[in-house]
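Visitor: Chain order of the listed sequences is A and B. Take the first sequence: its position 102, counted from the start at 1, is 102 in full-length UniProt numbering, and no numbers get skipped. Take the second sequence: its position 288, counted from the start at 1, is 288 in full-length UniProt numbering, and no numbers get skipped. Backbone N, C-alpha and C fix where the C-beta goes; we use that ideal spot for every residue, glycine too. The structure presented is a predicted model; accordingly, all values stated were derived computationally and were not measured.
Protein chains: 2
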Amino acid sequence: MKVTISDVAKLAGVSTATVSHTINNTRYVSNETKEKVYRAIAELGYTPDASARSFRTGKKKIIGFIVPDIANKFFATMIESVEKYLSAHGYQLIIANTRENMEREETNIRLLTAGLVDGLLVASTMDDFQRFDALIPAGFPVVLVDRVFEEKKYSSICVSNFQPIYRSVCRLAGKGDRRIGITGGLPRLSSTQERISAYRQAMADCGLPEEEGLIQYGDSLENSACACLDKLLERRCDAIIVCQGMMASETIIYLHQKGIRLGKDIDLVSFVDYDSDVYTLYADQMDTIIQPVEELGEAAGEEILKRVESPEAPIFEKVLTSAYKPCSLSVGPVRGEA
Amino acid sequence: MKVTISDVAKLAGVSTATVSHTINNTRYVSNETKEKVYRAIAELGYTPDASARSFRTGKKKIIGFIVPDIANKFFATMIESVEKYLSAHGYQLIIANTRENMEREETNIRLLTAGLVDGLLVASTMDDFQRFDALIPAGFPVVLVDRVFEEKKYSSICVSNFQPIYRSVCRLAGKGDRRIGITGGLPRLSSTQERISAYRQAMADCGLPEEEGLIQYGDSLENSACACLDKLLERRCDAIIVCQGMMASETIIYLHQKGIRLGKDIDLVSFVDYDSDVYTLYADQMDTIIQPVEELGEAAGEEILKRVESPEAPIFEKVLTSAYKPCSLSVGPVRGEA
DNA sequence: CTGAAAGCGCTTACAG
DNA sequence: CTGAAAGCGCTTACAG
């Protein structure tokens, strides 16, 4: 049979209140009494029932994280880092995987907010803020991660998407590239939109012609790079910017198989999954943009716990910066000079 | 204020029992009554409190998964597949990440089994069965995944480790390799042990000399491959078997950087993370062993739900088989023949 | 310094 | 066909 707090109280010869208080250190208990309680707990092998406790206090000590694609190393690493922060603060993390599907996101938000978690981290796949907002119970602690909405109703932690892409275009233009193609993730995502608009602005600023066909979109999941690349190659690009981490390795492989040499036949800049050792191989052949995933996760954990403790805290927006790692051979001769 | 079942009952003019039964479809309710209830629910925006419900019923509809390393794509993919199965059956998944640390595993098992989840999936990093067993409350539904103990007390879903490694050695021996090195994960893990013992047996069966220095162990996390490789290369191996998925890409990169050509200077066989597109690049240069991660996850989900429903169900052991993908150029001339 | 008791929001025998 | 009420295992004012 299940051992309850009353069993302990009975055996220790005290009230359940005293047992509860000694366990939780929530009011003074004399040392003798404490000892009796602990002895009884040990003898019975008592463990407080988390589900009763959270029902009673309304606190589950669980945070939910709605993730678009758990097999994407960017998110997997972020989850790891969020989990690390939370567990250090006595919280557990529940993951829900949407695979960039809005209905799945909807279902999961409903489920998790219905008494399962104390707060929610969301890397949303939605583009409609009203629809998203309607799912969140009033006052429920929410932090948007990596992807934001224009409406600033929720706290958010994300990465500056504009700067690295703008810089990429400038660097490529500086090398003499004129036809610069770009592949992004799902067009509806704020991250994709920011990146594409940085591209557009930089192209204009550098005086390079824009062309719709030079912009291609994938689905932010695996195996969408090749179709994009085919279209870009048709357009005879000098350079390609891959602004979606999942596409990076696919791109490298695909170009390799086509016999197109990086840094020679084509210039490449790519967002890269954090910590992915594969790219060190290509450090001398391409520029890489590395997102601060771990900081992102930690900041997200910090902010959601803050909101759980004080739901009325002011909205907070944090924008982190990616590292831009120029091709290690970029000091070589500019094309056309040789 | 929170809307409760009594608010609904009051507004609908029925008892809480009736509200509960119409929500859960758990006894006959007349259509008119149902309609009154649903109208009240809609009007008040009522959502049943999951935490009260699970406290009452003792069922949380949550499964816990203790994972050694969530950033390892093998486990990330498995999580995805478990989560898919569970959510299709109305369950949520909670992840705990141990980073191959026994203390963290202990803490997490204690936490999760104390009323947080209905059942537990564990890819354990422990080698001491007694210690593990002591953490599990009597009768608590547990399924071991990927890694097992000799004691057959719990159900398990894992992959046959013996066969692919045995075959690797035979294939390499058949190519004329004699000095075959192997790198494994943590020595304490059953998966590592099975692989190494398959190697030993195959080496003996093929009449190849064994040598302690040809066996190297990593830590089953990222960045442990290079040290192993250094030691193997010192021993002047003809071939290397990488029997830990995380090490695969590190190995390829490292050999590449050293100017050692796959299939020419050295033969390589490697376990490979599921679905990892990088390896298609090397399909003509190495043998790969691909584990059935998705099936593993699905089978694990199936078994844990079975045990949650009927905890007394007989112990079940499932062993899946990996795909062995021989190097696509292996039909070429055997070394020494040319 | 500690206890008696209410109550969190549900579900579910029991009763009619 | 439906209701009154007990009770799941805790925590926490209230009281002394």
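Do the region 56 to 73 of chain A and the region 78 to 97 of chain B make contact, defined as three or more Cβ pairs closer than 8 Å?
Guide: At 8 Å Cβ cutoff, the stretches touch.
Visitor: What do you get for R335(B), buried or exposed, if any count of 16 or more other CB atoms within 10 angstroms of its CB means buried?
Guide: Locating residue 335(B) in the second sequence gives position 335, counting from the first residue. Since pLDDT at R335(B) reaches only 45, below the 50 mark, its modelled position is unreliable, and the value read off the structure follows with that caveat. R335(B) is exposed by the Cβ-count criterion.
Visitor: Hey, is F55(B)'s beta-carbon within less than 7 Å of any beta-carbon in chain A?
Guide: The sequence position of residue 55(B) within the second sequence is 55, counting from 1. So, interface residue.
Visitor: Can you pull the chain A residues whose beta carbon is under 8 Å from the beta carbon of K60(B), in chain order?
Guide: Position 60 of the second sequence, counted from the first residue, corresponds to residue 60(B). Correct list: S51.
Visitor: At 8 Å on the CB atoms, spell out the chain A contacts of A114(B), in chain order.
Guide: By one-based count along the second sequence, residue 114(B) stands at place 114. Chain A residues near A114(B): T47, P48, D49 and A50.
Visitor: What residues in the region 111 to 138 of chain B bring their beta carbon closer than 9 Å to a beta carbon of chain A?
Guide: Of all residues in the region 111 to 138 of chain B, L111, L112, T113, A114, G115, L116 and P137 have a Cβ within less than 9 Å of some Cβ in chain A.
Visitor: Might you give, ordered along the chain, the residues of its own chain that have their beta carbon closer than 6 Å to the beta carbon of Y46(A), omitting 5 neighbours on each side?
Guide: One-based indexing of the first sequence puts residue 46(A) at position 46. Excluding positions up to five away in sequence, the list reads V3 and V8.
Visitor: So, is I315(B) buried or exposed, given that buried needs 16 or more other C-beta atoms within 10 angstroms?
Guide: Taking the second sequence and counting its residues from 1, the one referred to as residue 315(B) is at position 315. Counting Cβ neighbours within 10 Å, I315(B) comes out exposed, since fewer than 16 surround it.
Visitor: Could you pull out every unbroken alpha helix (DSSP H) segment of at least 4 residues lying fully inside the region 252 to 329 of chain A, listed in chain order?
Guide: If we require 4 residues or more, the alpha helix (DSSP H) runs fully inside the region 252 to 329 of chain A come out as 293 to 309.
Visitor: Only counting runs of 4 or more residues, tell me where the alpha helix (DSSP H) segments fall wholly within the region 121 to 194 of chain A, in order along the chain.
Guide: Segments of the alpha helix (DSSP H) lying fully in the region 121 to 194 of chain A: 129 to 135 and 162 to 175.
Visitor: Taking only runs of the alpha helix (DSSP H) that begin and end inside the region 2 to 31 of chain B, which ones reach a length of at least 4 residues, in chain order?
Guide: Qualifying alpha helix (DSSP H) stretches, in chain order: 5 to 12 and 16 to 24.
Visitor: Which bits of chain A does K73(B) rub up against, with CB to CB less than 9 Å?
Guide: For the purposes of this step, residue 73(B) is identified with residue 73 of the second sequence, where counting begins at 1. What K73(B) touches in chain A: A71, K73 and A76.
Visitor: Run down chain A in chain order and give the residues with a C-beta less than 7 Å from the C-beta of N97(B).
Guide: Your numbering for residue 97(B) matches position 97 in the second sequence. Neighbours of N97(B) on chain A, chain order: E80 and E83.
Visitor: Which word fits S54(B), buried or exposed, when buried means at least 16 other C-beta atoms lie within 10 angstroms of its C-beta?
Guide: Within the second sequence, the letter at position 54 stands for residue 54(B). So S54(B) counts as buried.
Visitor: According to DSSP, is A96(B) helix, strand or coil?
Guide: Counting from one through the second sequence, the residue named residue 96(B) turns up at place 96. Here A96(B) sits in strand by DSSP.
Visitor: Across which residues does DSSP place Q201(B) in a beta bridge pair?
Guide: By 1-based counting over the second sequence, the position of residue 201(B) is 201. Paired residues: none, contrary to the question.
Visitor: Over what stretch of residues does the beta strand (DSSP E) that includes V82(B) continue unbroken?
Guide: One-based indexing of the second sequence puts residue 82(B) at position 82. Looking at the DSSP string, V82(B) is not in any beta strand (DSSP E); the run it does join, the alpha helix (DSSP H), is K73 to A88.
Visitor: Under a Cβ-count criterion, where at least 16 other Cβ atoms within 10 Å of its own Cβ denotes burial, should R56(B) be classed as buried or exposed?
Guide: Translated into positions along the second sequence, residue 56(B) becomes position 56. With fewer than 16 other Cβ atoms within 10 Å, it is exposed.
Visitor: Measure the CB-CB distance between K117(B) and I62(B) and report whether it falls below 7 Å.
Guide: Position 117 of the second sequence, counted from the first residue, corresponds to residue 117(B). Position 62 of the second sequence, counted from the first residue, corresponds to residue 62(B). The residue asked about is misnamed: residue 117(B) is Val in this sequence, not Lys. Contact: yes.
Visitor: Output the distance between the C-alpha atoms of L232(B) and I215(B), rounded to the nearest integer angstrom.
Guide: The count along the second sequence starts at 1 and reaches residue 232(B) at position 232. The count along the second sequence starts at 1 and reaches residue 215(B) at position 215. In a straight line, the C-alpha of L232(B) is about 8 Å away from that of I215(B).
Visitor: If you draw a straight line from the alpha carbon of Q130(B) to that of S160(A), how long is it in whole angstroms?
Guide: In the second sequence, the residue the question calls residue 130(B) occupies position 130. In the first sequence, the residue the question calls residue 160(A) occupies position 160. So the two alpha carbons sit approximately 50 Å from each other.
Visitor: Is it buried or exposed for E337(B), if we count other Cβ within 10 angstroms and need 16 for buried?
Guide: Here residue 337(B) refers to the residue found at position 337 when the second sequence is read from its first residue. With a pLDDT of 39 at E337(B), under the threshold of 50, the modelled position of this residue cannot be trusted; read the value that follows with caution. Classification for E337(B): exposed.
Visitor: For G176(B) and T288(B), what's the separation of their Cα atoms in angstroms?
Guide: Residue numbering aside, residue 176(B) sits at position 176 when the second sequence is read from its first letter. Residue numbering aside, residue 288(B) sits at position 288 when the second sequence is read from its first letter. So the two alpha carbons sit approximately 19 Å from each other.
Visitor: As a quick exercise: from K10(B), G119(B), S168(B) and G90(B), pick the residue whose alpha carbon is nearest that of L111(A).
Guide: As a first step, residue 111(A) must be located in the first sequence, where it is residue number 111. Nearest C-alpha to L111(A): G90(B).
Visitor: Between the Cα of G218(A) and those of Y254(A), V272(A), Y154(A) and R188(A), spot the shortest distance and give me the residue it belongs to.
Guide: Reading the first sequence from its first residue, position 218 is the one you call residue 218(A). The option with the nearest alpha carbon to G218(A) is R188(A).
Visitor: Check whether chain A comes within 7 Å of A338(B), counting only Cβ atoms and requiring the distance to be less than that.
Guide: Locating residue 338(B) in the second sequence gives position 338, counting from the first residue. Residue confidence for A338(B) is low, a pLDDT of 35 falling below 50, so the modelled location carries little weight and cannot support an answer.
Visitor: Name the chain B residues that come within less than 9 Å of I240(A), Cβ to Cβ?
Guide: Start at 1 with the first residue of the first sequence, and residue 240(A) comes out as number 240. Result: empty, since nearest Cβ-Cβ is about 17 Å, beyond 9 Å.
Visitor: Output the boundary residues of the alpha helix (DSSP H) element that contains A227(A).
Guide: Here residue 227(A) corresponds to residue number 227 of the first sequence, with the count starting at 1. Note, A227(A): alpha helix (DSSP H), A225 to E234.
Visitor: At which residues does the beta strand (DSSP E) containing A52(A) begin and terminate?
Guide: Within the first sequence, residue 52(A) is the residue found at index 52, counting from 1. Where A52(A) is concerned, there is no enclosing beta strand (DSSP E), although the alpha helix (DSSP H) it sits in stretches over A50 to T57.
Visitor: Return helix, strand or coil for Y38(A), following the three-state DSSP convention.
Guide: Position 38 of the first sequence, counted from the first residue, corresponds to residue 38(A). Looking at Y38(A) - three-state DSSP - the assignment turns out to be helix.
Visitor: So L93(A) contacts chain B; which residues on that side make the cut at Cβ distance below 7 Å?
Guide: Here the question's residue 93(A) lines up with position 93 in the first sequence. Chain B residues near L93(A): I95.
Visitor: Near C170(B), which residues of its chain fall below 7 Å by C-beta distance, leaving aside the five closest residues on each side in sequence?
Guide: Taking the first residue of the second sequence as 1, we reach residue 170(B) at position 170. Cβ neighbours of C170(B) beyond the five flanking positions: A202 and C206.
Visitor: Tell me the rounded alpha-carbon separation between L281(A) and Q163(A).
Guide: As a working mapping, residue 281(A) is identified with position 281 in the first sequence. As a working mapping, residue 163(A) is identified with position 163 in the first sequence. Taking the straight line from one Cα to the other gives about 25 Å.
Visitor: From the beta carbon of L281(A), is the nearest beta carbon of chain B less than 7 Å away?
Guide: Position 281 of the first sequence, counting from 1, holds the residue named residue 281(A). Chain B contact via Cβ: present.
Visitor: In whole angstroms, what separates the C-alpha of G332(B) from that of K153(B)?
Guide: One-based indexing of the second sequence puts residue 332(B) at position 332. One-based indexing of the second sequence puts residue 153(B) at position 153. Annotation note: pLDDT 46 at G332(B) (below 50); position unreliable, no value reported.
Visitor: Compute the beta-carbon to beta-carbon distance between I109(B) and L135(B), rounded to the nearest angstrom, for a pair I have assumed lies under 8 Å.
Guide: In the second sequence, residue 109(B) corresponds to position 109, counting from 1. In the second sequence, residue 135(B) corresponds to position 135, counting from 1. Rounded, the Cβ-Cβ distance is 4 Å, consistent with contact.
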